[in-house]
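Engineer:
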Amino acid sequence: MGMSISNEISYPLRSTLYNLEPIGIGTSMVESLTSYLIRLSNVHNLRIKSLIQYLIYPLFSESADYLKSNDSNFNRIGRFVDGCTLLTIEFINALEHLTSRMDLRNLTLISWNGITNYKVINLYKKWCPQCLDKMKEENGTFYQPLLWNIQYVSICPLHNCPLINTCPSCKRSQPALNSKGSIATCYSCNTWLSTDKYKNDEVKINCFDIWIASAIGELIIDTRKILNSPIIKLIKALESVFTDITIPIESILVFLANKYSHKTEIALKLRKDFIIYGCDDKYTDQFYNLLGLIYIIGAPVQIIYDFSSFNVSALPILNDLKDCKIKYLRNKKLFRDFDYIIHNFYPLPSPEEILRITGDTDNLLIEYIEDYLEERNILIEYNNEIKTRKPNKRR
Ligand SMILES: [Zn+2]
Ligand SMILES: [Zn+2]
């Protein structure tokens, strides 16, 4: 016998917990979900562990049962709550239900799972001491912006100062979720996390780190629009700027690395990654490489979610790509001519003859052949030396 339907009473929708408003929605400094969780537990005088264990976990879907953590790894789940994982979805659903708010997904990177993975959120917190001071002066409400929790963000775009990641007193790393519910103080020794020491610190900050912090800030503002990574499309578009020739991305990167000293480091890192892992490897976080590539070519970061309006021929580096093409073609001819000369002539022709045969107007090939001969002679000498040495040793 089933229960009669008339016995079911429906209550008007009201929330179990306060409808606490998240800080900074729609801005690059939006609060992280872990920070919201801590503030929520603090306004209810609940321990954060109890909030999760007694109110959130019971709302998990059945299939997510295995995601519930025990006490021992409680400190480590922050990365999954703020990121783009299955646990993120469960926390959003449970908290939206408990607070009757529908905007809590904006406090996570849930829409970014097409461009990155769980590693995008740092294992421990980072923070800007000047921002903490500002919060103190303004209204005393402390929170941890999502931006600071992103692994690749190492400076504060508002103050252009490095983010700090250890307690100024006990030097401990700070987990995003901690049983004390602390945000601006150390979870272990209670020290205020901002120090006035930063004012004297002179730390060298590189351009890419500054760019990446504000680019990620812009993506956070448009977080809902992010769907998938255009890294392969972007690479293909760059490789085939010229219809008559396709230049491999590795050659483009080497060219740009030589041309711009402030882009050299990231360009060479990207080249290495593309060669080792390829550009569609599922096991590495391509998000960082995607940002690097966007930075190097000078495209707007918004192409991550709006690739259709991306126009290669409007890129500021278009003229560089033309130079790159000239250099690429010159190198191809150089290697072709080198093979031809080395394999078809003995003894080798004079420099004048080489110019006549190849039609070259520069001395690149001649220098290349000279270097080759010099290296070969050194190698021959070295080999001879070893040959004459070896029998002596045996005796
Ligand atoms: Zn700041
Ligand atoms: Zn401490």
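Once you know that position 131 of the sequence shown is 131 in the UniProt record's numbering, the rest is easy, because the numbers rise by one and skip nothing.
Cβ coordinates follow ideal geometry from the N, Cα and C atoms, glycine included.
1) Would VAL153 be called buried (16 or more neighbouring beta carbons within 10 Å of its own) or exposed?
2) Provide the residue span of the alpha helix (DSSP H) that contains ARG39, from first to last.
3) Quick one: what's CYS156 bridged to in DSSP?
4) Would you say the beta carbon of GLN130 comes nearer than 7 Å to a heavy atom of ligand 1?
5) In terms of residue numbering, what span does the alpha helix (DSSP H) encompassing CYS324 cover?
6) How far does the alpha helix (DSSP H) with CYS131 in it reach, from first residue to last?
7) Sorted by chain position, which residues of the same chain lie with C-beta nearer than 8 Å to PRO22's C-beta, five sequence neighbours on each side aside?
8) Whose CB is closer than 6 Å to a heavy atom of ligand 2? List the residues in chain order.
9) Residues in its own chain within less than 7 Å of LYS325 by CB, not counting five upstream and five downstream?
10) Count the other CB atoms, across all protein chains shown, that sit within 10 Å of the CB of residue 423; report buried if there are 16 or more and exposed otherwise.
11) Using alpha carbons as the reference points, say which of PHE335, ASP209, GLU370 lies closest to SER350.
12) Could you tell me if GLU381 is buried or exposed, where buried requires 16 or more neighbouring beta carbons within 10 angstroms of its beta carbon?
13) Please state if the CB of GLU218 and the CB of VAL301 are separated by a distance shorter than 8 Å.
14) Here's the rule I'm using: 16 or more other beta-carbon atoms within 10 Å means buried, otherwise exposed. How should residue 481 be labelled?
15) Who does SER173 pair with in a DSSP beta bridge?
16) Can you list, in chain order, the residues of its chain whose CB lies under 8 Å from that of LYS226, leaving out five sequence neighbours each side?
17) Could you tell me whether the region 114 to 133 touches the region 70 to 89, where touching means 3 or more Cβ pairs closer than 8 Å?
18) Take LEU270 and list the residues in its own chain whose beta-carbon comes closer than 8 Å to its own, dropping the five residues that flank it on each side.
19) For LEU158, verify whether its CB is less than 7 Å away from any heavy atom of ligand 1.
20) Return the chain-ordered list of same chain residues with a C-beta closer than 7 Å to the C-beta of ARG39, the five sequence neighbours on each side being excluded.
21) Suppose only complete runs of 4+ residues qualify. What are the alpha helix (DSSP H) ranges in the region 220 to 252, listed by chain order?
22) Measuring straight from C-alpha to C-alpha, what distance separates ILE386 and LEU379?
23) What residues are listed by DSSP as bridge partners for ILE121?
24) CA-CA distance, GLY140 and SER169?
25) On the DSSP bridge assignment, give the partners of PRO145 in chain order.
26) Quick one: grab the DSSP three-state call for THR358.
27) Apart from the five residues just before and just after ARG14, which ones in its own chain have a Cβ nearer than 6 Å to its Cβ?
28) I need the straight-line Cα distance from SER50 to ASP209, nearest angstrom please.
29) Which one of ASN160, LYS171, ILE89, ALA94 has the shortest CA to CA distance from LYS125?
30) Quick one: Cα of ASN311 to Cα of ALA213, how far?
31) Going by the CB atoms, is the gap between CYS161 and CYS128 shorter than 8 Å?
32) Could you check how far apart the C-beta atoms of CYS189 and GLN174 are, in whole angstroms? I think they sit under 8 Å.
33) Please state whether the Cβ-Cβ distance between THR16 and LEU109 is less than 8 Å.
34) For HIS343 and ASP362, I'd like the C-alpha separation in whole angstroms.
Structural biologist: According to the data block:
1) buried
2) That run of the alpha helix (DSSP H) goes 33 to 43.
3) Listed as beta-bridge partners of CYS156 by DSSP are CYS161.
4) Indeed, a heavy atom of ligand 1 lies less than 7 Å from the Cβ.
5) 318 to 344
6) 129 to 138
7) VAL30, GLU31, TYR36, ARG101, ASP103, LEU104, ASN106, LEU107
8) CYS167, SER169, CYS170, ARG172, CYS186, SER188, CYS189, THR191
9) PHE242, ILE245, ILE247
10) The chain is shown from 1 up to 395; residue 423 falls before or after that span and cannot be answered.
11) For SER350, the nearest C-alpha among the options comes from GLU370.
12) exposed
13) yes
14) This structure cannot speak to residue 481, because the chain is shown only from 1 to 395.
15) THR166
16) It should be noted that the sequence gives Ile, not Lys, for residue 226. Hits under 8 Å: SER111, TRP112, GLY114, ILE115, LEU219, ILE304, TYR305.
17) yes
18) LEU253, ASN289, GLY292, LEU293, ILE296
19) yes
20) LEU20, TYR143
21) With a minimum length of 4 residues, the continuous alpha helix (DSSP H) runs that stay inside the region 220 to 252 are 231 to 239.
22) Rounded to whole angstroms, ILE386 and LEU379 show a C-alpha spacing of 11 Å.
23) When DSSP reads this structure, ILE121 sits in a beta bridge with ILE150.
24) 22 Å
25) Under DSSP, PRO145 takes part in a beta bridge, and its partners are GLU31.
26) helix
27) Excluding the 5 residues flanking it on each side, ARG14 has no same chain C-beta neighbour closer than 6 Å.
28) C-alpha separation (whole angstroms): 38 Å.
29) LYS171
30) 24 Å
31) A contact, by the Cβ cut-off of 8 Å.
32) Between CYS189 and GLN174 a beta carbon distance of about 11 Å is seen, past the 8 Å cut, so the two are scored as non-contacting.
33) no
34) 21 Å
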